[in-house]
Structures are given as C-alpha cells and as structure tokens.
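Each remark here refers to the structure printed beneath this line.
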Amino acid sequence: MRSPVGLFFRWIGYLVLTIIAIILVLPILLKILGFALKAIFVAVGVIAIIILILVLILAITGLVWYLRNRSKWQDAQTKGEPFEFGGRNFKFHVNGQDVFYDQETGRKDITPDDKK
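Each residue of the sequence shown is one higher than the last, beginning at 1 in full-length UniProt numbering.
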C-alpha cells in the first residue's frame with residue numbers, strides 16, 4: 001500500500017510539470033492566437049502560480065505534521081499504548097493483532113463493542 005504522503009507529493013509533481021508545460025507552450029500560443037489573448041494567459045498564469053504556492057504551503061504543513069507525529073505513532077504501536085488520532089475510538093496494532101481503544105472509558109479491547 002502506498003503512503004498517502006507519497007501520493008500527495010506525486011500529484012504535486014504532476015501539477016508542477018503541468019504548469020511548466022503551460023509556461024513553455026505559452027509563447028507559441030501567443031504567436032498563433034495573437035496578442036489579444038495575452039491578458040487572459042497572464043491571468044491564468046498568475047492564478048496557477050497562486051494555486052501552486054497554496055498547494056506547496058499545504059504540502060509543507062502536512063509534511064511537518066506527519067514528521068512530528070510519526071514517532072508518537074510508532075511508539076504507540078510498539079509499546080501498545082493509545083495514540084490520540086482525532087477520534088474517540090481508534091485501533092492500533094500490537095503483537096500481530098488489532099487492539100481497539102476507547103478514549104472515554106480508557107478500555108483496551110481486542111474487538112470493539114459494536115463487533116461483539
């Protein structure tokens with residue numbers, strides 16, 4: 001299974017390559033179509049650059065979050081301790097089996113209440 005972070009950065013790469021291709025083809029299109037469309041292409045380019053900057057900020061934020069929480073998640077998996085991952089109930093892997101944890105009651109169980 002591929003890492004979501006890896007897939008995210010792959011799509012960022014596709015976005016960057018697409019923008020580079022547009023920038024390389026832009027002068028040829030301007031000569032063919034004339035200079036009347038120049039303002040439209042400049043606006044599209046500016047919007048693309050703004051979107052790229054926002055995506056890069058999001059990617060850096062996601063990478064920082066991932067790197068900060070990775071060690072906590074790995075420690076929780078090896079020690080069998082709970083790791084707060086956003087929800088009330090979650091599972092983690094201990095000694096080859098999934099263990100479910102309920103944050104409200106503090107209960108660890110091999111099978112959650114809804115599956116019993």
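Cβ atoms here follow ideal geometry from the backbone N, Cα and C, with glycine treated the same way.
All of these numbers come straight from a predicted model, not from anything done at the bench.
The alpha carbon of I47 has as its nearest neighbour, out of P4, G13, F8, I23, the alpha carbon of I23. Taken through DSSP and simplified to helix, strand or coil, G6 comes out as helix. Looking at the backbone, the Cα of R68 and that of P4 are separated by about 16 Å.
DSSP places G45 in the helix class (H, G or I) of the three-state scheme. Secondary structure of G13 (DSSP, three-state): helix.
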